[in-house]
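J.: Once you've had a glance at the structure underneath, I'll fire off some questions.
In the numbering used here, the protein residues as written are 169 to 340.
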């Protein structure tokens, strides 16, 4: 599904707190963002120190540190924001253990794969495309930004990347 239709999230018991929030660093590119009643997970990587990930074209990487929290100990998530799809940004634990009904917002390369492995609420964004996310009185405008792995040949052999900008506000 494209990002044009608003992503309307169920409201839980908490109110939208616009006065405070938090960014919890899990490790590598994985963070939990909590603000205005939203709980967002970025680039889920929960492998442990010494584990290897496949990056494609024979490239691998070794995780050097443990995650600050285990995937089973995450708070209830509103959605996952995924910059791109390979093992150090969406690992095999995330693929296996995340709830398949959790919305995941990413580029076409990532969402087409995630749908094939059973994720049912993907949202595909093209560069500069916005997505409105609504939860109770809180609103979030998520815009896909250009991204790249690096200069020259790296960009040609690694998967496409989606940067993102998040703008929080109130309804109305």
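Ideal Cβ positions, reconstructed from N, Cα and C, are used throughout, including at glycine.
For residue 246, is the classification buried or exposed, using 16 other Cβ atoms within 10 angstroms of its Cβ as the cut-off for buried?
T.: If you number the chain shown from 1, residue 246 lands on position 78. By the 10 Å Cβ count, residue 246 comes out buried.
J.: Among 326, 333, 306, 310, whose alpha-carbon lies nearest the alpha-carbon of residue 183?
T.: Counting from 1 along the chain shown, the entry for residue 183 is found at position 15. It is 306.
J.: Assuming residue 194 and residue 235 are in contact, meaning their beta carbons sit under 8 Å apart, how far apart are those beta carbons, in whole angstroms?
T.: Taking the first residue of the chain shown as position 1, residue 194 is located at position 26. Taking the first residue of the chain shown as position 1, residue 235 is located at position 67. Sure, about 5 Å apart at Cβ, within 8 Å.
J.: Tell me whether the stretch 249-264 and the stretch 206-224 touch, counting them as touching only if at least three CB pairs, one residue from each stretch, are closer than 8 Å.
T.: Yes, since at least three Cβ pairs between the stretch 249-264 and the stretch 206-224 fall closer than 8 Å, the two stretches touch.
J.: Tell me the residue span of the alpha helix (DSSP H) that contains residue 334.
T.: Against the chain shown, residue 334 aligns to sequence position 166. Careful: residue 334 lies outside any alpha helix (DSSP H), inside the beta strand (DSSP E) at 329-338.
J.: Please classify residue 169: is it buried, with 16 or more other beta-carbons within 10 angstroms of its beta-carbon, or exposed?
T.: By one-based count along the chain shown, residue 169 stands at place 1. Bear in mind that a pLDDT of 47 at residue 169, under 50, signals an unreliable position, so the number given afterwards is only what the model happens to contain. Residue 169 is exposed by the Cβ-count criterion.
J.: Do the CB positions of residue 256 and residue 229 come within less than 8 Å of each other?
T.: Here residue 256 refers to the residue found at position 88 of the chain shown. Here residue 229 refers to the residue found at position 61 of the chain shown. Yes. Within cutoff.
J.: Mark residue 187 as exposed unless 16 or more other C-beta atoms lie within 10 angstroms of its C-beta, in which case mark it buried.
T.: Your numbering for residue 187 matches position 19 in the chain shown. Under this definition residue 187 is an exposed residue.
J.: Quick one: what does DSSP say residue 276 is sitting in, helix, strand or coil?
T.: By one-based count along the chain shown, residue 276 stands at place 108. Residue state, collapsed to three classes: helix.
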